[in-house]
Amino acid sequence: MRSGPLVLLLVCVVAVLVIAPGLKVDQPGPVIAPSSAPGAMPMQDAAMRQAWLAGRATIARSADGHFYIDATVEGEPVHFLVDTGASIVALTGEDAQAAGLHWNPGEVMAIGRGANGTVYGVPVHLSKIAIDGFEAHDVDAAIVPEGLDVSLLGQSFLAKLRTVEITGDQLSLGE
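Residue numbering for the sequence shown follows UniProt numbering, starting at 1 and increasing by one per position.
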C-alpha cells in the first residue's frame with residue numbers, strides 16, 4: 001500500500017484550510033445547474049439546503065479541521081472531503097466501485113507528483129456529480145485505489161462554481 005498520496009493530499013488540505021483562511025476564488029460564472037436526478041442526496045441540514053437553493057451554501061468546519069459534503073457520483077452516494085488544493089476530484093477505490101466505475105491494476109499509473117512522491121491512480125471522466133439540487137457534468141477525476149481514506153472534491157468540480165470562500169470555520173460555495 002502506498003501512503004504517499006494520502007499524506008500529500010492531507011498536506012494540501014491543511015495548507016489551504018489552515019494557512020489560507022479567507023481564501024476566495026471567484027469564477028467567471030455558474031456552471032452548476034439544478035438537478036432533476038431522482039435520489040439526489042439531501043444536504044446535511046435544512047439551513048444549508050435553503051442557502052444552496054438561494055445560490056450559496058455554507059459548510060461548518062468539522063472537528064478534525066476539514067469540510068465535508070455528501071454528493072452523488074454517477075447517481076451513487078459519496079461522502080467527500082472538500083479539497084480546494086486538489087486539482088481534480090479523487091475517488092477512493094471503494095467509492096469508485098460503488099459508482100459503477102471499474103478498472104484493472106494495469107490501468108494504474110502515475111497521475112501526479114506531490115511532496116511525498118508520485119501519486120498513482122486511474123484517470124476517469126465523470127458524467128455527473130450532484131449535490132442536492134445542483135449538478136456538474138463532464139468532471140475530470142481519478143480513482144486512487146490505494147492510500148486514500150476519503151474521496152476528495154477538488155477543483156475539477158469546485159471550478160464549476162462561481163465562488164468558493166473560506167472564512168474562519170466556514171466554507172461557502174456559491175453557484
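Don't be surprised by glycine CBs; every beta carbon is placed ideally from N, CA and C.
{"Check": "Can you grab the Cα-Cα spacing for the pair Val144 / His79, in whole Å?", "Outcome": "15 Å"}
{"Check": "Going by DSSP, what residues sit across from Lys128 in a beta bridge?", "Outcome": "His137"}
{"Check": "Which same chain residues, not among the five before or five after Gln155, have their C-beta less than 6 Å away from its C-beta?", "Outcome": "Ser87"}
{"Check": "Return the bridge partner residues of Ala119 from the DSSP annotation.", "Outcome": "This sequence places Val at residue 119; Ala is not what is there. Note: Val119 sits in a beta bridge opposite Gly112."}
{"Check": "Verify the contact flag: Ala141, CB atom, against every heavy atom of the ligand FMN, threshold strictly below 7 Å.", "Outcome": "No copy of the ligand FMN appears in this structure; indeed no ligand is present at all."}
{"Check": "Suppose you measure from the CA of Val108 to the CA of Glu94; what does that come to, to the nearest Å?", "Outcome": "15 Å"}
{"Check": "Report buried or exposed for Asp64, applying the criterion of at least 16 other Cβ atoms within 10 angstroms of its Cβ.", "Outcome": "exposed"}
{"Check": "In whole angstroms, what is the alpha-carbon distance linking Ala99 and Ile129?", "Outcome": "11 Å"}
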